[in-house]
Amino acid sequence: MSELKVEKKNRSGWFWVPSLYYAEGIPYIVAMVVSVAMYKTLGVPNSRIAFWTSVLYLPWVIKPLWSPFIEAFSTKRNWIFVAQLILGFLFLGIAFTIQLPWFFTITLIILWFLAFSSATHDIAADGFYMLGLNKHQQAWFVGVRSTFYRFAMLTGQGLLLILVGIIETNTGLESIDINVFSATDNQALQVVDMNSLNLSGRDGELEIICVPDTLVIEAIPRKRSEVDSIVSYAENWNVEQGHVVKDIREVRKITFLGRIGNVFKRPIDSLGNFIQKQFGEKKVKKRDFVGNVGTLYFHLSNAPKEGKEVVVIFGRDSGDKSISLLHGNRLIFSEKNWNKPAIAVIQLDINLKTATQSIFQARAGNTPLAWSLIFVALGILFIIFFMYHRFILPYPVSDSPVIRDKSKSFFSEFFRTFVIFFKKDNIGIYIAFLLLYRLSESQLVKLAQPFLLDAQEVGGLALTTGQVGFVYGTVGIVALIVGGLLGGFLAAKHGLKKWMWWMAVAINLPNAVYIYLSYTQPDSLLIINICVALEQLGYGFGFTAYMLVMIYIAEGEFKTAHFAITTAFMALGMMIPGMWSGWLQELIG
Numbered sequence: 015m016s017e018l019k020v021e022k023k024n025r026s027g028w029f030w031v032p033s034l035y036y037a038e039g040i041p042y043i044v045a046m047v048v049s050v051a052m053y054k055t056l057g058v059p060n061s062r063i064a065f066w067t068s069v070l071y072l073p074w075v076i077k078p079l080w081s082p083f084i085e086a087f088s089t090k091r092n093w094i095f096v097a098q099l100i101l102g103f104l105f106l107g108i109a110f111t112i113q114l115p116w117f118f119t120i121t122l123i124i125l126w127f128l129a130f131s132s133a134t135h136d137i138a139a140d141g142f143y144m145l146g147l148n149k150h151q152q153a154w155f156v157g158v159r160s161t162f163y164r165f166a167m168l169t170g171q172g173l174l175l176i177l178v179g180i181i182e183t184n185t186g187l188e189s190i191d192i193n194v195f196s197a198t199d200n201q202a203l204q205v206v207d208m209n210s211l212n213l214s215g216r217d218g219e220l221e222i223i224c225v226p227d228t229l230v231i232e233a234i235p236r237k238r239s240e241v242d243s244i245v246s247y248a249e250n251w252n253v254e255q256g257h258v259v260k261d262i263r264e265v266r267k268i269t270f271l272g273r274i275g276n277v278f279k280r281p282i283d284s285l286g287n288f289i290q291k292q293f294g295e296k297k298v299k300k301r302d303f304v305g306n307v308g309t310l311y312f313h314l315s316n317a318p319k320e321g322k323e324v325v326v327i328f329g330r331d332s333g334d335k336s337i338s339l340l341h342g343n344r345l346i347f348s349e350k351n352w353n354k355p356a357i358a359v360i361q362l363d364i365n366l367k368t369a370t371q372s373i374f375q376a377r378a379g380n381t382p383l384a385w386s387l388i389f390v391a392l393g394i395l396f397i398i399f400f401m402y403h404r405f406i407l408p409y410p411v412s413d414s415p416v417i418r419d420k421s422k423s424f425f426s427e428f429f430r431t432f433v434i435f436f437k438k439d440n441i442g443i444y445i446a447f448l449l450l451y452r453l454s455e456s457q458l459v460k461l462a463q464p465f466l467l468d469a470q471e472v473g474g475l476a477l478t479t480g481q482v483g484f485v486y487g488t489v490g491i492v493a494l495i496v497g498g499l500l501g502g503f504l505a506a507k508h509g510l511k512k513w514m515w516w517m518a519v520a521i522n523l524p525n526a527v528y529i530y531l532s533y534t535q536p537d538s539l540l541i542i543n544i545c546v547a548l549e550q551l552g553y554g555f556g557f558t559a560y561m562l563v564m565i566y567i568a569e570g571e572f573k574t575a576h577f578a579i580t581t582a583f584m585a586l587g588m589m590i591p592g593m594w595s596g597w598l599q600e601l602i603g
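Those letters in the sequence shown? Residues 15 to 603, by the numbering used here.
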């Protein structure tokens, strides 16, 4: 064997373990978390985000089914190269399709292939880790691999979202603030005739224009029928002018899966009606009078470039929550409708009797461009990973295609692996544990970021993409790492049995901070940071028990395959609750 081969065979894990597990974590966090933020900022409804991104868990659920084939064909080293190169091109594919009209369907299909490629990379990387290191080195580097996997989580939930926010700020139009006042001195309601608006083009840079730039609404009750008429007119006008696009959900009925879904529509609707009746926001008899409203008219100073859209996000930025946005949160402008005013309707709380103020903000960052640039960077990064690992990964002698005894059938051994797993003592209880232990977190995780991003008028906290990147990504991930280290230290020192119930409480009880946030809707980033940190700290601490139970279940024959099976149940326990969480949110409110 040449000296070069010997050197590569014995190469230190410090050269490749950190980069390999950082590369393993990035596509997972993109498919599971970053995609949620991306679709939310691009205007996809919460229910569609929660359902379709939860389906992306499926490759991690079923990856034990094809792990034997990865062992049987080629080497783990080669599988790593192929997977990383494919992932690089898939990231580039997302980058170049985000700005297309049917971006949701196209990018979702690409994310589906990305999820399968990522799961394949996981299998190969975990197998190579055991082949490229001896037992002592495996124990030594287990903390290193976990840390760099967490760094990948931090990159996805923190750095990438922060970069998107920075790009949005520097590529879009300048934000404008609109002061909205309630008046108690019988000041007449401001009425602006759309025909009187100056909608001709202006010289200079493209700008968002709002008329009036300050809105005063008299704090008196107004007939419900009048307000409903104003809102209905604004909604219809905005749709007709192309400022608002309706979510056409009936398209699903023309597909094969849609026809199958219709078979179950009646029982699902019945269940939904029951849940909404028992747990949803109680419907009260509508009053004849509601809070007064005012209208704002938005247009651009000139036409955008041909084929380009400007998406204006409008909502309350600060001030009294008694002044809220009824309609006009997301408005689309193009070269066809830039000079046709888009209407936003603002309402006072009917119980508001005093003079007060709120500041509303209209911002128009180039969100599709921001996400495109991020995915271009990810694509280039994974092509670099491909080239680096092709040179730096060692050549373990044992890394070769599995040569099986010809007297044994490949498929009989394959099925025997599963038979032995399901014959383990108390396996039913263990499977129930894997599916239910994280039930609360699995429902929360898909809607946590939409909750932080949603406008306050619809129950969210109205954070920007960059703020979410810092709050939920940076602060949250740091708390998660601290909780995990603390849990591992205490479990190693005193044993899991002593801390099991405390960890179960820790992974569930801190989720109550989101109840507090939803009721109070604080403007303070400090309070939001503290709440998210507490929830993530509890999750990191409690998840230690989950991992230790998985290791315990996998003990015995076929340890690697059985651990892969437990990870499949772990993914299934996240996928199914995540699929119904958006549906429940829309039913209950």
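Note that beta-carbon positions come from the ideal geometry of N, C-alpha and C, so glycine has one too.
Alpha carbon of residue i to alpha carbon of residue j, nearest angstrom
i    : j    : result
V459 : L145 : 34 Å
F142 : V359 : 59 Å
V20  : I94  : Its pLDDT being 47, under 50, V20 is placed unreliably in this model, and the value from its coordinates should be taken loosely. Computed Cα separation, rounded: 21 Å.
W116 : N380 : 18 Å
Q481 : I441 : 43 Å
G170 : P382 : 17 Å
L586 : I521 : 18 Å
G107 : E320 : 23 Å
S49  : T67  : 7 Å
I351 : L56  : Per the sequence shown, residue 351 should be read as Asn rather than Ile. Using only the alpha carbons, I get a separation of about 19 Å.
M588 : V75  : 9 Å
P82  : V411 : 19 Å
L340 : P464 : 19 Å
S243 : G218 : 37 Å
F165 : P32  : 10 Å
Opening and closing residue of the beta strand (DSSP E) in which residue i lies
i    : result
A526 : First-last for A526: undefined, no H or E at that position.
P235 : 235-237
I222 : 222-225
Y339 : Per the sequence shown, the amino acid found at residue 339 is Leu instead of Tyr. Counting along the chain, the beta strand (DSSP E) containing L339 begins and ends at 337-341.
Q361 : 356-362
R91  : Segment 90-109 is the alpha helix (DSSP H) holding R91; no beta strand (DSSP E) there.
Top-ranked residue by Cα proximity to residue i, from the options
i    : options                : result
I579 : L125, A51, L448, G554  : L448
L461 : Y35, F65, F29          : F65
A582 : L34, P73, F303         : P73
P408 : Y560, K77, K90, V44    : K90
M584 : Y566, M561, A317       : M561
G556 : G501, N252, I529, G509 : G501
Y246 : L56, T309, I192, L220  : The sequence given here has Ser at residue 246, not Tyr. When each option's Cα is compared against that of S246, the closest is T309.
S386 : L114, A139, V75, F577  : L114
L551 : H403, M401, V489       : V489
D439 : F503, I567, I244       : I567
N353 : R238, I234, G256, N184 : G256
I346 : V258, S338, D334, D331 : V258
T198 : N365, F399, R404       : N365
Beta-carbon proximity list for residue i, same chain, < 8 Å, skipping 5 on both sides
i    : result
P536 : L475, I542
H135 : A37, E38, P41, W93, I94, A97, Q98, L101
F11  : This structure cannot settle anything about residue 11, because the visible part of the chain is limited to 15 through 603.
R236 : F303, V304, G305, N306, V307
Same chain, Cβ closer than 7 Å to residue i, five either side skipped, listed in chain order
i    : result
T388 : Looking at the sequence provided, one finds Ile at residue 388 rather than Thr. Within the same chain, I388 has close Cβ partners L174, L177, V178.
I222 : L187, I190, F312, L314, V326, A376, A378
I445 : F583
L453 : P591
S26  : none
Where residue i falls: helix, strand or coil (DSSP)
i    : result
Q371 : strand
R25  : coil
E219 : coil
G333 : strand
V411 : coil
K438 : coil
Y58  : Note that residue 58 is Val in the sequence shown, not Tyr. In the structure shown, V58 sits in coil (DSSP, three-state: anything other than H, G, I, E or B).
Y71  : coil
A476 : coil
I541 : helix
Host alpha helix (DSSP H) of residue i (start-end)
i    : result
Y143 : 117-146
I397 : 381-406
L173 : Counting along the chain, L173 falls outside any alpha helix (DSSP H), and DSSP gives it neither H nor E.
H257 : It is not in any alpha helix (DSSP H) - H257 carries neither H nor E in the DSSP assignment.
I112 : Unbroken run through I112: none, as it is neither H nor E.
N365 : Run containing N365: none; DSSP gives neither H nor E here.
Residues near residue i in its chain [Cβ-Cβ closer than 6 Å; skip 5 each side]
i    : result
V277 : Caution applies to V277, whose pLDDT of 48 falls short of 50 and renders its modelled position unreliable; the model cannot decide the point.
D363 : G305, S336
S132 : P41, Y42
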